[in-house]
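This report concerns only the one structure given below.
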């Protein structure tokens, strides 16, 4: 893939995210996809990621803006940084009680691409900041 094709793939992935379009997001992924988050468990495979996305869509309403996508010259790697605005809809186990709280975070992500599909995304955000916001501190 070219750098421009990789940029378009990542943009398509995030456009699907903003629509809460699980199938649209999954269509951007390789079968052997790996999802890594800075404050969570590593998920291997599209079925586990689909389960995660379905849960997230029930617990949170999130949209991304100011998305900046950067790629290496080969198109094999990309990074993105964006603003996330969300609303906490349903209590997640081990987290504060959901009461419709809103929050804003700056998020970064790193991608690996192979054969036109995302093989890995590693997402990083500040959980302490999120917790403070939903607790109203």
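Residue numbers (this note's numbering): 42 to 178. Glycine included, each C-beta is placed from N, C-alpha and C at the ideal position.
Rounded straight-line distance, which links the Cα of residue 63 to that of residue 72: Looking up residue 72 in the chain shown gives position 31. Looking up residue 63 in the chain shown gives position 22. Those two C-alpha atoms are separated by around 15 Å.
Looking at the strands, I want to know which residues DSSP matches up with residue 143. If you number the chain shown from 1, residue 143 lands on position 102. Partner(s): 128.
Beta carbon of residue 89 nearer than 9 Å to that of residue 104: In the chain shown, counting from the first residue as 1, residue 89 sits at position 48. In the chain shown, counting from the first residue as 1, residue 104 sits at position 63. No, they are not a contact pair.
May I ask you to report which of helix, strand or coil DSSP gives residue 42? Counted from its first residue, the chain shown places residue 42 at position 1. Coil at residue 42, not helix or strand.
Take the Cβ of residue 141 as the centre, count every other Cβ of all protein chains shown within 10 Å, and call the residue buried at 16 or more, exposed below. Working through the chain shown from its first residue, we reach residue 141 at position 100. Exposed.
Residue range of the beta strand (DSSP E) that residue 163 falls in? On the chain shown, residue 163 is found 122 positions in, with the first residue counted as 1. Residues 158 to 165.
Identify whether residue 149 lies in helix, strand or coil by the three-state DSSP scheme. For the purposes of this step, residue 149 is taken as residue 108 along the chain shown, with counting starting at 1. Strand.
N- and C-terminal bounds of the alpha helix (DSSP H) containing residue 92: On the chain shown, position 51 is the one that residue 92 refers to. Segment 87 to 100, the alpha helix (DSSP H) holding residue 92.
I'd like the list of long-range same chain contacts for residue 95, defined as Cβ closer than 8 Å, with 5 residues on each side in sequence excluded. Counting from one through the chain shown, the residue named residue 95 turns up at place 54. Answer for residue 95: 63, listed in chain order.
Taking one C-beta from the stretch 152 to 163 and one from the stretch 65 to 79 each time, how about it: are there three or more such pairs within less than 8 Å? yes
Touch test, the stretch 117 to 133 against the stretch 78 to 88, Cβ-Cβ under 8 Å, three pairs minimum: no
Give the straight-line distance between the Cα atoms of residue 67 and residue 174, rounded to the nearest whole angstrom. As a working note, residue 67 is residue 26 in the chain shown. As a working note, residue 174 is residue 133 in the chain shown. Residue 67 and residue 174: Cα-Cα distance of roughly 30 Å.
Buried or exposed for residue 70, please, with buried defined as at least 16 other CB atoms from any protein chain shown within 10 angstroms of its CB. Within the chain shown, numbered from 1, the residue matching residue 70 stands at position 29. Flag for residue 70 reads buried.
Taking the DSSP output, what are the residues bridged to residue 169? Here residue 169 refers to the residue found at position 128 when the chain shown is read from its first residue. None, per the DSSP bridge assignment.
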